[in-house]
Each structure stands twice: as structure tokens, then as C-alpha cells.
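Asker: Residue numbers for the sequence shown follow the UniProt record's numbering, beginning at 1 and rising by one.
Ideal Cβ positions, reconstructed from N, Cα and C, are used throughout, including at glycine.
Before we start, here is the structure in question, set down as C-alpha cells.
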Amino acid sequence: MSDYNINGLAIPLFLILMLVEYGVLRLQGRRLHRFNDSVNSLSMGLLLLISDALLKAYTFAVFIWLWQHHRLLDFPVESPVTWLVFFLGVDFCYYWFHRVAHQVNILWGAHVGHHQGEEYNFTTALRQSAFQYAFSWVFYLPLAVLGCPPVVFVVQFVVLKMYQFWLHTQAINRIPLIEGVMSTPSSHRVHHAKNPIYIDRNYGGTLVIWDRLFGTWQPELPEQPCHYGTTRPLDTLNPVRANLQHWAMLARDTVTTARWQDKLSLWFRPTGWRPADCLALDAGDPGMQRTGCADRPKYDPETTRGKKIYVGCSMMLTFAICTVFIFLSPQLPAWQVATGTLLVVAGLVVAGDLLENRTRFRWLELVRIPLMLWFAVSLWGAIAAG
Ligand SMILES: [Zn+2]
Numbered sequence: 001m002s003d004y005n006i007n008g009l010a011i012p013l014f015l016i017l018m019l020v021e022y023g024v025l026r027l028q029g030r031r032l033h034r035f036n037d038s039v040n041s042l043s044m045g046l047l048l049l050i051s052d053a054l055l056k057a058y059t060f061a062v063f064i065w066l067w068q069h070h071r072l073l074d075f076p077v078e079s080p081v082t083w084l085v086f087f088l089g090v091d092f093c094y095y096w097f098h099r100v101a102h103q104v105n106i107l108w109g110a111h112v113g114h115h116q117g118e119e120y121n122f123t124t125a126l127r128q129s130a131f132q133y134a135f136s137w138v139f140y141l142p143l144a145v146l147g148c149p150p151v152v153f154v155v156q157f158v159v160l161k162m163y164q165f166w167l168h169t170q171a172i173n174r175i176p177l178i179e180g181v182m183s184t185p186s187s188h189r190v191h192h193a194k195n196p197i198y199i200d201r202n203y204g205g206t207l208v209i210w211d212r213l214f215g216t217w218q219p220e221l222p223e224q225p226c227h228y229g230t231t232r233p234l235d236t237l238n239p240v241r242a243n244l245q246h247w248a249m250l251a252r253d254t255v256t257t258a259r260w261q262d263k264l265s266l267w268f269r270p271t272g273w274r275p276a277d278c279l280a281l282d283a284g285d286p287g288m289q290r291t292g293c294a295d296r297p298k299y300d301p302e303t304t305r306g307k308k309i310y311v312g313c314s315m316m317l318t319f320a321i322c323t324v325f326i327f328l329s330p331q332l333p334a335w336q337v338a339t340g341t342l343l344v345v346a347g348l349v350v351a352g353d354l355l356e357n358r359t360r361f362r363w364l365e366l367v368r369i370p371l372m373l374w375f376a377v378s379l380w381g382a383i384a385a386g
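Now the structure itself:
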């Protein structure tokens, strides 16, 4: 494994692209960003990058071990056929991970974060569930057994992830020649929409031919403008709560339901399935948006300009430190990784709180900000030592 995690370097690149998208939309006179939605999306993105940095070395080690000891075929790295076969292979496995992640309760809990945003722009691309990679890596293991060289897998996976970034925008309309073959902003807008006709459609990563083959293809319709978000609305700007939203409901149902066989099986049932006694108890709760689309008030608590400015500055500091922190994470000692993770998570929770006008953790900033600056200096020490 490399001594550096290049995901860290993606942070400034993505931030620049987000600013370009914002500028282009404003020039067109379109307002498709909301400050608290963007902060929440970016907070979720940072949590994913950190959890990925913590997990990747272990999950990729399993892929390498399978390839070294149990591969069925030998694919030479220098052959274009290898790259073509595993471009299709990685995209195919992604399709099935993505589809199962939407359709099974426990896995929806590890993907729902990507869909909670009620706006749709480049910040949505970074918005991911922190625990997604804890599940998704298993879906790519058949490629190791088939004989995909690890370096080919890593490059194709990065290409897949980079490709998906530009799909999350309303600034680009239909693209005639590739629509229906490649994933496009239009096909992916459909995937993020909660209009009934669009739900559980267009799972494809780079290609949507899988959707056409397996019956999940749906083009964007002019008469059905997309409405974004999940049918069970997100009611928090706290990125930790947002990550645990679906699993928390499943855990409550596991404790509440009287039927023993449901306590475990509900985690593996189709997404949204709940025991009858839990549903009956929740009758007064608006819960899921039954009508599917439009007209739902967005979760948009009012806050002061001062709090927004503070949160903006805090996020910029967090982004700057995370860029270096994630880049260096493979070579940092455990105490430094743990400290950095705690400081970042605490900062993101406080930022979300302030945008909801909560002040319960405000005192924490008096300790956290000096600690963040000390942590930045300690990272600088790691660079100098390296
Ligand atoms: Zn999805």
C-alpha cells in the first residue's frame, strides 16, 4: 500500500469544481444551493473520507489475498483487454452493490446518506454514508477471484468514483449521443428523485446499459421534474445522526417488536419493511412521505448570518486540515489518526448544531479550535519528518 492516501487531494479539486458550478448557476440566475444543505452534504463527505481512510487498507488486503491465492485466470496488466474487461467488471459489480444497497434494509442504512440531500448539486456528490465502504468492498471480491490485478482494480475504481462526481448537477441538460448508454447528469437526477416513477431506477455507475439489461432504466421526463431527497425525510443537520437515521429506526424496531423472528430478519427484509406492531405504534408519525414527490417543505431551519459565517470559516479550516490529514493518514500513528478523527467529527457536529440554532456543544469550540490548530501543527511536523 502507498504511504499516502490520494483521496485527500481530491478535496481541494472537488471544492474548486463546486465553486465553478455555483458560479455558472448564479450567472444563469438559478439558485440551486442552500447553505445548510451544502454544509451537511460536505460534512457527510468528510466523514466518508475518514472512514474510508481507516478501512481501506484492511478491505483491500482481502482483495489482494484472494487474487494472490485463489485467482482462476491470469490477466496481464499491460494488456488493453485486461483494462476493458475489468472496466466492465467494476461497473457491473458497482451496479449490483448499488441495487442491493437500495433494496435491502441493512444496506440502505449504509447508502441512505447519499440520498438525504434535498438539493441536487456537486455537494451531493460528496455526500455519502460514512459506512458505505464497510459493505461495498465485498461486492468486488469476485473480480479478485476472476483474476483482476489489484492495480487495475484500484485505477478502475478511482475512475468510477471520479466519473460519478459530475453526474450530480442540474447545470447540464440531456446529452443526446450518450444518454441511455453512459450515466449522465440527467439519468442520475432520476436516481436521486423521490417522484414515485423515479424511485429505485438508474443504478448504473459509468454505464446505464446494466439498467437497461436488468429492467431498472428510466429516462428523465419533461413532465416529471425531479424532486430530491428520501421518502422518509431527513430532520437533522447532524451528520452523525444522518448516518445512523435508518439503522436507528431498525434498531428501535428490533427492540420494540414482539415477534422474535422479526427482530433479526427485519434487517434483511426489503427496504422500508417494518414489523406490523411497530408500524401500528408509529401511526401518528408522519414518517415516510407517502405521496412521493413535490410540495414537501424542505428541512431548512432559519439561522443568523453570524452563525453561517462562523460555520463557513470552521468548515474551511476543517477542509484544509482534512486534505493533509487524509493524505498522510496511512503513515500517521494511531493516536494521531484517532485525535484527528475526533476533532473533525466534533467540529462537524457543532457546525450542524449551530445551523439548527442549537447551542448545547458551543462551549466545545473553546477547546476544539485550539486543539485543531495544534493538530495542524502536528501534521506539519509529520510532513517535515517525512
Ligand atoms: Zn443510490
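Ignore the nearest five residues each way along the sequence and tell me which others in L48's own chain have a CB closer than 6 Å to its CB.
Answerer: So the list reads Q128, A130, once near-sequence residues are dropped.
Asker: Would you grab the beta carbon distance between V62 and L141 for me? Rounded to a whole angstrom, and I think it's under 8 Å.
Answerer: With 8 Å as the limit, V62 and L141 qualify as a contact, their Cβ atoms being about 7 Å apart.
Asker: To the nearest angstrom, how far is it from the Cα of D91 to the Cα of V154?
Answerer: 13 Å
Asker: What are the boundary residues of the alpha helix (DSSP H) that includes T341?
Answerer: 334–355
Asker: May I ask you to check if the CB of H102 is nearer than 7 Å to at least one heavy atom of ligand 1?
Answerer: Here the distance from the Cβ of H102 to the nearest heavy atom of ligand 1 is below 7 Å.
Asker: Hey, is H111 close to ligand 1, as in C-beta under 7 Å from one of its heavy atoms?
Answerer: yes
Asker: Which residues in the same chain as R368 place their Cβ atom closer than 8 Å to its Cβ, once the five residues preceding and following it in sequence are excluded?
Answerer: L343, A346, G347, V350
Asker: So, with DSSP's three-state summary, where would you put Y228?
Answerer: strand
Asker: Please classify P297 as buried or exposed, where buried requires at least 16 other C-beta atoms within 10 Å of its C-beta.
Answerer: exposed
Asker: First and last residue of the alpha helix (DSSP H) that includes H192?
Answerer: 185–192
Asker: Starting from the C-beta of H98, find all residues in its chain whose C-beta is less than 6 Å away, skip the five residues before and the five after it, and write them out in chain order.
Answerer: Y203
Asker: With 16 as the cutoff for other CB atoms within 10 Å, does W210 come out buried or exposed?
Answerer: buried
Asker: Keeping to the same chain, check which residues put their C-beta closer than 7 Å to that of W247; ignore five residues upstream and five downstream.
Answerer: Closer than 7 Å at Cβ, skipping near neighbours: G109.
Asker: For ligand 1, is there any heavy atom lying closer than 7 Å to the beta carbon of H98?
Answerer: yes
Asker: What residue does the alpha helix (DSSP H) around A258 start on, and which one ends it?
Answerer: DSSP places A258 in no alpha helix (DSSP H); its state is neither H nor E.
Asker: Can you say whether C313 is buried or exposed, counting buried as having 16 or more other CB atoms within 10 angstroms of its CB?
Answerer: Residue burial annotation: C313 is exposed, with fewer than 16 other C-beta atoms found within 10 angstroms of its C-beta.
Asker: When DSSP labels each residue in this structure, what does P270 get in the three-state scheme?
Answerer: strand
Asker: Using a Cβ-Cβ cut-off of 6 Å (strictly less than) and excluding sequence neighbours within five positions of S43, which residues of its own chain qualify?
Answerer: P239, L348
Asker: DSSP has M182 in a bridge; who is on the other side?
Answerer: According to DSSP, which records beta bridges pairwise, M182 is partnered with E179, L207.
Asker: Mind checking which residues open and close the alpha helix (DSSP H) that includes Q170?
Answerer: No alpha helix (DSSP H) contains Q170, which DSSP labels as neither H nor E.
Asker: Is H191 near ligand 1, going by C-beta to nearest heavy atom under 7 Å?
Answerer: yes
Asker: Grouping DSSP H, G and I as helix and E and B as strand, with all else coil, what is M249?
Answerer: helix
Asker: Taking the C-alpha atoms as reference points, what is the distance between M1 and V151?
Answerer: At M1, the pLDDT of 47 sits below 50, so the modelled position is not reliable; the number obtained from the coordinates is stated separately. Between M1 and V151, the C-alpha separation is close to 10 Å.
Asker: For V85, which three-state DSSP category applies?
Answerer: In the structure shown, V85 sits in a helix (DSSP, three-state: H, G or I).
Asker: Compute the distance between the beta-carbons of N173 and S186, then report whether it is under 8 Å.
Answerer: yes
Asker: Using the DSSP secondary-structure output, state which residues sit across from V104 in a beta bridge.
Answerer: P270
Asker: Would you kindly work out how many angstroms separate the C-alpha atoms of T304 and R358, rounded to a whole number?
Answerer: 12 Å
Asker: According to the Cβ coordinates, are G89 and A242 closer than 8 Å?
Answerer: no
Asker: Determine whether the Cβ of A57 lies closer than 8 Å to any Cβ atom of chain C.
Answerer: The displayed structure is made up of one protein chain only, and chain C is not part of it.
Asker: Q116 to L17, Cα distance in whole Å?
Answerer: 21 Å
Asker: For L301, name the three-state secondary structure that DSSP assigns.
Answerer: For clarity, residue 301 is Pro in the given sequence; the question names Leu instead. Three-state DSSP puts P301 in coil, outside helix and strand.
Asker: Go ahead and label P80 buried or exposed: buried means 16 or more other beta carbons lie within 10 angstroms of its beta carbon, across all protein chains shown.
Answerer: exposed
Asker: Which of helix, strand or coil does DSSP assign to T216?
Answerer: coil
Asker: Label G249 either buried or exposed according to how many other C-beta atoms from any shown protein chain fall within 10 Å of its C-beta, with 16 as the threshold for buried.
Answerer: One detail in the question is off: residue 249 reads as Met in this sequence, not Gly. It counts as buried.
Asker: Considering only heavy atoms of ligand 1, does any lie closer than 7 Å to the CB of residue 387?
Answerer: Residue 387 lies beyond the range of the chain shown here (1 to 386); nothing can be said about it.
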